[in-house]
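In what follows, a single structure is set out as structure tokens and then discussed.
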Ligand SMILES: [Mn+2]
């Protein structure tokens, strides 16, 4: 049982939002076009479907929100809106609901001068952590809950995982616990404390092990070593003809693997990181009990990859159909998108390796990703980390678009650096702003936009700013 409560004033804001929705007929949802935002949009759209409310929905990137026209009676923003100057777009007759967990530019006492109806629900207004304690999808679920739709709670769990809200502690915490508790009580989700390896349901275990990249181990990028490790621990590689996945292991086997990984890691990391090692190896995972066993939909983390693949290829409609329950043609479509997405990622990584594009400085490493789409450069940075030096963050840059010469920069790093107290989201924001750009994000995954002629300056400043923080041997 969780002892977390929604702050009273926030709860009241939800009551008001419910009433506004009940009183409105012509509704538009703008939601962010990432896994969290698509989950949020699907929850809201499902609520409106059930209320027989006509509505339109659009998934947008943050920059597209700059020139918006608000024409509908009620506009709901989810997983975005708090950072935007909504006043510029509205009429006095507009009704606006914002459900966002990003840093807000307005506070609770904000008075708009257009006199429109604004109900902005943001956890940061109540000193609740918006990076780890509630996601955009979670905020949308809490609204659905006001209508009694507790069956949508699993999507709130998916949104939080897709938003990496559990990435530091390996658990869902804060208001996320309320959502998780609903999902567990309703029978939609099972929490499994498990090894922290990606691909629990679908990836052969020896492959999952070879992707371990927070620290470079003998098994990293080496399936032969991974297979040898399993043999040594007497863990069978196959079930009949099929490779075992993490979800096939007995608790005893998981225990042996956990101990061995902790041992290997403790030997491989500098002393100051040793205390953080167990957190690298174990974490809660979330299983969707209504999904078929051994499919990527069964595990929250793998499911979120499917949604992300759709979002990065502008196929939000497919993701939306899946989230609304279509498991027939939408699932086939998503599998195709996912497969193509993985092919593109593998090709791109191969190219970066072939061309030897990773540049290493004292405290950082980066690659020129010119030609890579802006929305996958972060994923690539995360995957390529295992080719570089895990002690340093990996950054990649690419041009924003043919029309816009600015650079999009993405950063990924080992979770050990975050456990050690480094928050790269804050650092990248500061450095980007110092060269006339903008940035932010999580401690282990973040990004920035900067003018292209400031590239050298940006990387130099970034490198310098980490003096003394990075173990760079
Ligand atoms: Mn979000």
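Numbering (our numbering), first residue to last: 568 to 1040.
We treat Cβ as the ideally placed atom computed from N, Cα and C, and that holds for glycine.
Handout entry: Proximity of residue 925 and residue 934 at Cβ, strictly below 8 Å
Key = yes
Problem - Per DSSP, cross-strand counterpart(s) of residue 771 - result: 812
Practice task
Determine, using beta-carbon pairs with one atom in the segment 700-715 and one in the segment 673-687, whether at least three such pairs fall under 8 Å.
Solution key: no
Exercise for the section: Identify every run of the beta strand (DSSP E) within the segment 713-792, keeping only runs that are complete inside it and at least 3 residues long; order them along the chain. Expected result: 756-762
Exercise for the section: Please determine if the segment 894-906 and the segment 637-652 are in contact, where contact requires at least 3 C-beta pairs separated by less than 8 Å. Expected result: no
Problem - C-beta contact flag for residue 775 and residue 764 at 8 Å - result: yes
Exercise for the section: Check whether the Cβ of residue 1008 lies closer than 7 Å to any heavy atom of ligand 1, and answer yes or no. Expected result: no
Handout entry: Contact test: residue 723 Cβ vs ligand 1 heavy atom, cutoff 7 Å
Key = no
Exercise for the section: Name the two residues that bound the continuous alpha helix (DSSP H) containing residue 909. Expected result: 896-921
Handout entry: residue 992 to residue 983 span [Cα, whole Å]
Key = 15 Å
Problem - Alpha-carbon spacing of residue 647 relative to residue 752, whole angstroms - result: 29 Å
Practice task
Check whether the segment 804-822 touches the segment 723-743, taking contact to mean three or more Cβ pairs, one atom from each stretch, closer than 8 Å.
Solution key: no
Handout entry: Cβ-Cβ distance between residue 867 and residue 724 below 8 Å
Key = yes
Exercise for the section: Find the nearest neighbour of residue 1037 within the set 929, 997, 882, judged by alpha-carbon distance. Expected result: 929
Practice task
May I have the straight-line CA-CA distance separating residue 1009 from residue 932, to the nearest angstrom?
Solution key: 18 Å
Exercise for the section: Report whether the distance from the Cβ of residue 702 to the nearest heavy atom of ligand 1 is below 7 Å. Expected result: yes
Problem - residue 797 versus residue 812: straight-line alpha-carbon distance, rounded - result: 12 Å
Problem - Exposed unless 16 or more other CB atoms sit within 10 angstroms - verdict on residue 828 - result: buried
Handout entry: CB-CB length for residue 754 against residue 856, believed under 8 Å
Key = 6 Å
Exercise for the section: Out of 693, 781, 852, state which residue places its alpha-carbon closest to the alpha-carbon of residue 766. Expected result: 852
Exercise for the section: Consider the C-beta atom of residue 599 and the heavy atoms of ligand 1; say whether any pair is separated by less than 7 Å. Expected result: yes
Exercise for the section: Label residue 662 either buried or exposed according to how many other C-beta atoms from any shown protein chain fall within 10 Å of its C-beta, with 16 as the threshold for buried. Expected result: buried
Problem - Exposure label - residue 892; buried when at least 16 CB within 10 Å - result: exposed
Handout entry: Closer than 7 Å: residue 646 CB and nearest ligand 1 heavy atom
Key = yes
Practice task
Would you list the one or two residues that DSSP bridges to residue 806?
Solution key: 809
Problem - 6 Å Cβ shell around residue 697 - same chain, five flanking residues per side excluded - result: 668, 690, 691
Practice task
Compute the Euclidean distance between the alpha carbons of residue 973 and residue 1001, then round it to the nearest angstrom.
Solution key: 15 Å
Practice task
Starting from the C-beta of residue 949, find all residues in its chain whose C-beta is less than 6 Å away, skip the five residues before and the five after it, and write them out in chain order.
Solution key: 979
Exercise for the section: Identify whether residue 871 lies in helix, strand or coil by the three-state DSSP scheme. Expected result: helix
Handout entry: residue 994 and residue 1032 closer than 8 Å at C-beta
Key = yes
Handout entry: Proximity of residue 1015 and residue 1006 at Cβ, strictly below 8 Å
Key = yes
Exercise for the section: Give the secondary structure of residue 1001 by DSSP, where H, G and I count as helix, E and B as strand, and everything else as coil. Expected result: helix
Practice task
Would you tell me roughly how many angstroms separate the C-alpha atoms of residue 712 and residue 587, rounded to the nearest one?
Solution key: 15 Å
Exercise for the section: Check whether the Cβ of residue 603 lies closer than 7 Å to any heavy atom of ligand 1, and answer yes or no. Expected result: yes
Practice task
Specify the secondary structure class of residue 571 as computed by DSSP and reduced to three states.
Solution key: coil
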